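Numbering (UniProt numbering), first residue to last: 1 to 276. Don't be surprised by glycine CBs; every beta carbon is placed ideally from N, CA and C. Small disclaimer: the values here were computed from a predicted structure and weren't measured. What follows is a set of notes on a single structure, which appears directly below.
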């Protein structure tokens, strides 16, 4: 799913980048579409419409044509690069993987990119391929069904060093010995980090936390480590169960430390300069 500038220069550049990244063969061409022809440039919302379109394509297994498409830019050698631009709807070709790569440029240098895969393709090809792993610090949790198959909503991002099945194949639940979980907080300065811990302490005290569900701590650890900005000051706490967070969180945290890395100054020129 390309950005598709619709310009004499932009389209050949994007098509060449796609070719150089994927290098498809005549037997396995790459199908290229662009939603921009339907609705125009979304500026700050770039990528959202393409995401919706891609989900529908994967759900229905049909590749839609490009709106009002007449002929390929002569500067794009589609036969040499093995690219296909559809004029009519087409059933998704049979194969091992059903994936869509989204590339969409916003305004002022913001770009959107995502890779989507169909559910059938995901389970057929396995959860981790090409040497990739889905655990944060080595531990993976899987929730098993009575039949022994994995549930579609598997959570595998954790923080500890062992795999654990949350429900046995006989349908009964078992609570394994709680494993230590590392939680890391980050702040712009030492005082700000203290205020952040105070805010979390108030939240935990006023919340009903699950006692025997390790997924809560796993998700919290992942969010703090991967979904929050990594600022200069950091501290951490090691907890075994979620209710531990309600008891003297500040005392459980390590002494705040500042990163030893000296930040460098960078200049980014996007070609548009709207943010300056």
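Where residue i and residue j are concerned, what is the direct C-alpha to C-alpha distance, given to the nearest angstrom?
i: residue 112; j: residue 13; result: 17 Å
i: residue 238; j: residue 215; result: 15 Å
i: residue 25; j: residue 88; result: 22 Å
i: residue 53; j: residue 204; result: 39 Å
i: residue 259; j: residue 233; result: 6 Å
i: residue 151; j: residue 265; result: A caution first: residue 151 carries a pLDDT of 37, below 50, which makes its placement in the model too unreliable to give a value.
i: residue 94; j: residue 11; result: 28 Å
i: residue 6; j: residue 15; result: 12 Å
i: residue 81; j: residue 96; result: 21 Å
Using a threshold of 7 Å, is the CB atom of residue i nearer than that to any non-hydrogen atom of the ligand FMN?
i: residue 122; result: Ligands in the displayed structure: none, and consequently the ligand FMN is not present.
By Cβ distance, which residues of its chain are closer than 8 Å to residue i, with the 5 residues on each side in sequence left out?
i: residue 86; result: 31, 33, 63, 64, 65, 66 and 69
i: residue 208; result: none
i: residue 44; result: 106, 107 and 110
i: residue 243; result: 209 and 211
i: residue 72; result: 78 and 85
Skipping 5 residues on each side, what residues in its chain have a beta carbon closer than 6 Å to that of residue i?
i: residue 188; result: 231
i: residue 1; result: 33, 50, 54, 100 and 102
i: residue 27; result: none
i: residue 35; result: 49, 50 and 53
Excluding five sequence neighbours on each side, which residues of the same chain lie with their C-beta closer than 7 Å to the C-beta of residue i?
i: residue 61; result: 91 and 92
i: residue 196; result: 185 and 187
Are the beta-carbon atoms of residue i and residue j separated by less than 8 Å?
i: residue 29; j: residue 83; result: yes
i: residue 180; j: residue 252; result: no
i: residue 224; j: residue 262; result: no
i: residue 56; j: residue 98; result: no
Should residue i go down as buried or exposed, given a rule of 16 or more other Cβ atoms within 10 Å for buried?
i: residue 104; result: buried
i: residue 4; result: buried
i: residue 19; result: buried
i: residue 250; result: exposed
i: residue 9; result: exposed
i: residue 186; result: buried
i: residue 193; result: buried
i: residue 256; result: buried
i: residue 130; result: Confidence at residue 130 is low in this model, with a pLDDT of 45, below 50, so the placement of that residue should be treated as unreliable; the coordinate-derived value is given next. Classification for residue 130: exposed.
i: residue 17; result: exposed
- Which runs of the beta strand (DSSP E) fall wholly inside the segment 171-236 and span at least 3 residues, in chain order? If only complete runs of 3 or more residues are kept, the segment 171-236 shows the beta strand (DSSP E) at 181-187, in order along the chain.
- Every unbroken alpha helix (DSSP H) inside the UniProt domain "Ketosynthase family 3 (KS3)" (1-118) [4 residues or more]: Within the UniProt domain "Ketosynthase family 3 (KS3)" (1-118), the runs of alpha helix (DSSP H) that reach at least 4 residues and sit entirely inside it are, in chain order, 10-22, 36-39, 48-60 and 78-81.
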